[in-house]
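All remarks here apply to the structure that follows.
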Amino acid sequence: MSRPMVEVRGLHKSFGTHEVLCGVDLTVEAGGVTVVIGPSGSGKSTLLRSINRLERTERGYVSVDGEIIGYRRSGDRLHELSERHVLRQRAGIGFVFQNFNLFPHLTALENVAEAPISAQRRPRAEVHAEALALLHRVGLGDKAGAYPRQLSGGQQQRVAIARALALRPKLLLFDEPTSALDPELVGEVLDVMRDLATAGTTMIVVTHEIGFAREVADTIVFLDEGLVVEQGPPDRLLDRPEHDRTRAFLSKVLS
Amino acid sequence: MSLVSSINRKNADPPDDPAALPADLAGLRVVRARHPWRWVFALVVLVLCAQFAHGLATNPGWDWYTFGGYFFEKSIVRALVVTLELTVAGAVLGFLGGIVLAAMRLSKNPVLQAVSWTYTWVFRSVPLIVQLLFWANIGYLYETLQVGVPFGPGFFRFETLHLVSSLGAALLGLALHEAAYAAEIVRAGIISVDQGQLEAAAALGIPRGRQFRRILLPQAMRAILPSAANELVNLLKSTSVVYVLAIGELFYQVQVVYGRNGRVVPLLMVATVWYVILTAALSVLQYYVERHYARGALRTLPPTPLQRLFALRRAGGAR
Chain A
17 MSRPMVEVRG LHKSFGTHEV LCGVDLTVEA GGVTVVIGPS GSGKSTLLRS INRLERTERG
77 YVSVDGEIIG YRRSGDRLHE LSERHVLRQR AGIGFVFQNF NLFPHLTALE NVAEAPISAQ
137 RRPRAEVHAE ALALLHRVGL GDKAGAYPRQ LSGGQQQRVA IARALALRPK LLLFDEPTSA
197 LDPELVGEVL DVMRDLATAG TTMIVVTHEI GFAREVADTI VFLDEGLVVE QGPPDRLLDR
257 PEHDRTRAFL SKVLS
Chain B
1168 MSLVSSINRK NADPPDDPAA LPADLAGLRV VRARHPWRWV FALVVLVLCA QFAHGLATNP
1228 GWDWYTFGGY FFEKSIVRAL VVTLELTVAG AVLGFLGGIV LAAMRLSKNP VLQAVSWTYT
1288 WVFRSVPLIV QLLFWANIGY LYETLQVGVP FGPGFFRFET LHLVSSLGAA LLGLALHEAA
1348 YAAEIVRAGI ISVDQGQLEA AAALGIPRGR QFRRILLPQA MRAILPSAAN ELVNLLKSTS
1408 VVYVLAIGEL FYQVQVVYGR NGRVVPLLMV ATVWYVILTA ALSVLQYYVE RHYARGALRT
1468 LPPTPLQRLF ALRRAGGAR
């Protein structure tokens, strides 16, 4: 069996005196979709942000595709990497934010093309052609010249997904990608994510869309108070949870 | 037209519908609300303006003949160029210093933060005119400057009297003063950019320098520009303070002339009108630069005054 895409071991993170992650362990296989659910404040977003080191953690480590994120190992020591090297590691991990964070002064095409050109130093013409193809793939081929403010929330989030894909990442992280959207726009974003899942992209998705989780996830992870309470395939975790806390949470969101 | 629509309404709405308005309403004549006080105040203000204009034209004290004679006079134009040079050099050096100071203040290095904060505090505290006199008298404090190993041997020595001429002192004072204000303006612009923008850039692995130039700065410019333009206008007028160092800028030169011929008011008007013209030119420049950086911030850019004019003419021609 090949090595897992993501390994999280004993991850701790505090904001001031408040401990958000209290020793999280998680393994994500390549090619699978992992959905992380849990009550608000359970540490879902912090866990996701720690995987590409947008959040620095106090203890524990994360490795993506066998590479320890934020550190370089030499012998029995871990040297903390400078921001420059962390940036290089991040370019292999796509991240989609809850509120899109598109660059408002750049067009949709420029948003998608920016990182491949400046972070991966790929030739401009090739990147532009690929960016246009990616916009077509998310159904926005005709919006390449539009600025983010001229697009709906759902369209902006699809541009953000295309932007993450442009780096040809080995892993895609989604932080509540539909939570900032009007209800009628959620479907178009989930459709794009469903396509990606079918294409075999490794994805970790933090979401409240239990229906999407049931349909697309290979594994659902339930996080509460900074710990993984339980995990398993959707039908088992959603229909026959083992823990009371999981049951209590699901009874609230499924009612 | 109104009659027809009222008949249509009558046909459409059954008369026994209690919620419907009386059907004959649409046929009534509308009398607009009148605003008599608007007329009164407009008239009062217009009369005052007319009085002022009349005074400008008829009061011999303004002496427009002398004004006209000196407006393009050679020494005045030369002084105007000095004023412009001081403004441009002060702005360029000041804003370069301001960018460095803002970067220091926002860095994670506590020493740099403290130095930047202290600089801004000191240079905002000292009145420009006091600072200028300090620089002009630097020779009393330090007779020589030398470049070398700190606390060790030196390699080059300068006499400060030769190094800091009065023009040099003026420029130094303006630039150092300006840098303190520019630092705050630049910092305000940078912290006004949503934190999510830098997070997104970091998540995409965009290099730090590129994050600053391509993502942060263009967005910060929206907040920086209005204050920066304000500061530039302020600087343009602050150059008049350097007359204390006997530098031949506009205000100094005007004083020299009226010291000779005693025509104080018309010569002050020469300086005033030139300052107004330069400020107007800066304002036009500001409008177009701000418009450039509004890309993406507005759904559609408003037309420029020129475009509006052409649109009016086209509409007039079509009529």
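Going line by line, the protein sequences match chains A and B. In this text, residue positions in the first sequence follow our numbering: the first is 17, and each later residue adds one. In this text, residue positions in the second sequence follow our numbering: the first is 1168, and each later residue adds one. Glycine residues also receive a C-beta, built at the ideal position from the N, C-alpha and C atoms. Fair warning: this is a prediction, and the values are worked out from it, not measured in the lab.
Reference residue i; option with closest CA among the options
i        : options                                   : result
D191(A)  : S271(A), R179(A), F116(A) and P139(A)     : F116(A)
P1294(B) : V1409(B), I1243(B) and F1477(B)           : V1409(B)
A162(A)  : P199(A), A149(A), L122(A) and A147(A)     : L122(A)
S1292(B) : V1314(B), Y1348(B) and F1323(B)           : Y1348(B)
E1345(B) : L1402(B), A1370(B), V1244(B) and L1449(B) : L1402(B)
V1437(B) : R1375(B), A1224(B), S1332(B) and E1240(B) : E1240(B)
G1372(B) : H95(A), E126(A), R106(A) and G169(A)      : R106(A)
Y1419(B) : R1430(B), N1428(B) and L1435(B)           : L1435(B)
L27(A)   : D41(A), R19(A) and H34(A)                 : D41(A)
V24(A)   : P257(A), S66(A), V36(A) and D92(A)        : S66(A)
V102(A)  : V1443(B), Q1298(B), R1375(B) and A1413(B) : R1375(B)
Q1280(B) : Y1232(B), R1354(B), Q1218(B) and Q1378(B) : R1354(B)
A178(A)  : D234(A), F113(A), I53(A) and V245(A)      : F113(A)
V1424(B) : I1243(B), L1308(B) and L1273(B)           : I1243(B)
K29(A)   : E71(A), E258(A), S18(A) and D251(A)       : E71(A)
R137(A)  : A182(A), F238(A), T43(A) and L125(A)      : A182(A)
S1450(B) : E1398(B), A1482(B), A1367(B) and N1304(B) : E1398(B)
V49(A)   : E258(A), G248(A) and R261(A)              : G248(A)
R1377(B) : V78(A), R104(A), A135(A) and E258(A)      : A135(A)
Three-state secondary structure assigned by DSSP to residue i
i        : result
M209(A)  : helix
L1213(B) : helix
V1293(B) : coil
G1319(B) : coil
G157(A)  : helix
L1338(B) : helix
Q1364(B) : helix
G59(A)   : coil
S1311(B) : The amino acid occupying residue 1311(B) in the given sequence is Thr; Ser does not appear at that position. DSSP places T1311(B) in strand when its eight states are reduced to three.
G110(A)  : strand
V277(A)  : Absent from the structure is residue 277(A), since the part of chain A shown begins at 17 and ends at 271.
R100(A)  : helix
L270(A)  : helix
V22(A)   : strand
L94(A)   : strand
R138(A)  : coil
F116(A)  : coil
N68(A)   : coil
L254(A)  : helix
P1470(B) : coil
D198(A)  : coil
I1373(B) : coil
Range of the contiguous alpha helix (DSSP H) that encloses residue i
i        : result
G227(A)  : I226 to V232
K1404(B) : L1384 to S1405
I236(A)  : Here I236(A) belongs to no alpha helix (DSSP H); instead the beta strand (DSSP E) covers T235 to D240.
L1273(B) : K1241 to L1273
G169(A)  : G169 to L181
Y1442(B) : V1431 to Y1460
N1428(B) : L1417 to N1428
Residues bridged to residue i [DSSP beta-bridge criterion]
i        : result
M219(A)  : V49(A) and L188(A)
L1476(B) : DSSP lists no partner for L1476(B).
K29(A)   : L37(A)
H1221(B) : Answer is none; H1221(B) lacks a bridge partner.
I84(A)   : S79(A)
E1326(B) : T1311(B)
Within 7 Å, strictly: CB atoms of residue i and residue j
i        : j        : result
G1463(B) : P120(A)  : yes
T1250(B) : T1406(B) : yes
A229(A)  : V80(A)   : no
V1316(B) : F1323(B) : no
A147(A)  : A129(A)  : yes
G272(A)  : G47(A)   : This structure leaves residue 272(A) out entirely; chain A is present only between 17 and 271.
V160(A)  : L118(A)  : The sequence given here has Ala at residue 160(A), not Val. Going by C-beta atoms, A160(A) is not nearer than 7 Å to L118(A).
I220(A)  : L189(A)  : yes
G1356(B) : I1391(B) : yes
P185(A)  : G110(A)  : yes
W1441(B) : L1247(B) : yes
G170(A)  : L150(A)  : no
V232(A)  : R210(A)  : yes
S61(A)   : L239(A)  : no
Endpoints, beta strand (DSSP E) assigned at residue i
i        : result
D41(A)   : H34 to V44
G1235(B) : Per DSSP, G1235(B) belongs to no beta strand (DSSP E); it is in the alpha helix (DSSP H), W1231 to F1238.
G76(A)   : R75 to V80
R89(A)   : Y87 to S90
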